[in-house]
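Beneath this line is the structure, given in structure tokens, with notes to follow.
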């Protein structure tokens, strides 16, 4: 297993999901589900970082996601 850090994506690359309103009466299981990761974009970045083709990557698991907001263009930072 190889762990890659600092795979950065712009916020526009993240999937958007309509969430319930904060004043909705109850929370459902769908509200507690984690947001999907942009695996296609992450596979492309990982293959580029390793210098291999995307088809050569067997499996990928997202270990951590954070956000870099130190500049005006906020980026999602992944460790896979």
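Residue numbers (our numbering): 207 to 286.
C-beta: ideal position from N, C-alpha, C; glycine also.
Remember, it's a predicted structure, so these values are computed and weren't measured experimentally.
Could you check the C-alpha separation between residue 235 and residue 229 for me, to the nearest Å? In the chain shown, residue 235 corresponds to position 29, counting from 1. In the chain shown, residue 229 corresponds to position 23, counting from 1. Their backbone Cα atoms lie some 17 Å apart in a straight line.
Closest to residue 281 by C-alpha separation, out of 254, 245, 214, 268, would be which residue? The residue you call residue 281 lines up with position 75 of the chain shown. When only C-alpha atoms are compared, the closest one is 214.
Looking only at DSSP bridge pairs, what is residue 273 linked to? Position 67 of the chain shown, counting from 1, holds the residue named residue 273. In DSSP, residue 273 forms a bridge with 282.
Candidates 266, 240, 239, 242: closest to residue 287 by CA position: Because the chain spans 207 through 286 in this model, residue 287 falls outside it and cannot be assessed.
So, helix, strand or coil for residue 263, using DSSP? For the purposes of this step, residue 263 is identified with residue 57 of the chain shown, where counting begins at 1. Residue 263 falls in the coil class under three-state DSSP.
Using DSSP's beta-bridge definition, name the partner residues of residue 216. Counting from 1 along the chain shown, the entry for residue 216 is found at position 10. 281.
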